[in-house]
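Everything on this sheet refers to the single structure shown next.
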Amino acid sequence: MPSFVFVEPSGEGWIVCGDFTDSPMAFVTGAAAERAARDLAQGMADAGEAVVLEIRLRNGERAGRFLFVPYANDHTEPGAIRA
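In terms of our numbering, the sequence shown is residues 140 to 222.
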């Protein structure tokens with residue numbers, strides 16, 4: 140079963156939350172939150188975990204959903220697959 144990471148609006152900013160120790164992490168911009176979430180998901184995949192990253196817009200609609208698949212850490216395959 141994969142772990143989940145979410146990027147969501149929160150008040151005036153954005154949060155990255157999900158199945159990880161430092162949840163939630165707060166950001167001023169959605170771009171910064173998405174960048175951090177992608178880096179986090181890739182790191183989790185590099186450590187051997189499948190990760191689903193879901194990005195939400197301010198209105199709550201889903202902007203994107205990506206699957207980060209664990210590989211043998213050789214990075215010959217794409218890090219994220221649109222799901």
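Glycine residues also receive a C-beta, built at the ideal position from the N, C-alpha and C atoms.
Nearest candidate by alpha-carbon position, reference residue i, set the options
i, options, result
"L196", "A219, R204 and G157", "R204"
"T160", "V146, D185 and L179", "L179"
"S97", "I220, V190 and A175", "This structure does not reach residue 97, given that the chain is present from 140 up to 222, and the question cannot be answered."
Residue i to residue j span [Cα, whole Å]
i, j, result
"S149", "G182", "24 Å"
"N198", "D185", "32 Å"
"I95", "G157", "Past the edges of the chain, shown from 140 to 222, lies residue 95, and the structure says nothing about it."
"G152", "A172", "9 Å"
"R174", "M140", "24 Å"
Beta carbon of residue i nearer than 8 Å to that of residue j
i, j, result
"I154", "A170", "no"
"L206", "V144", "no"
"E188", "P163", "no"
Burial state of residue i (16 or more Cβ within 10 Å)
i, result
"E147", "buried"
"R177", "buried"
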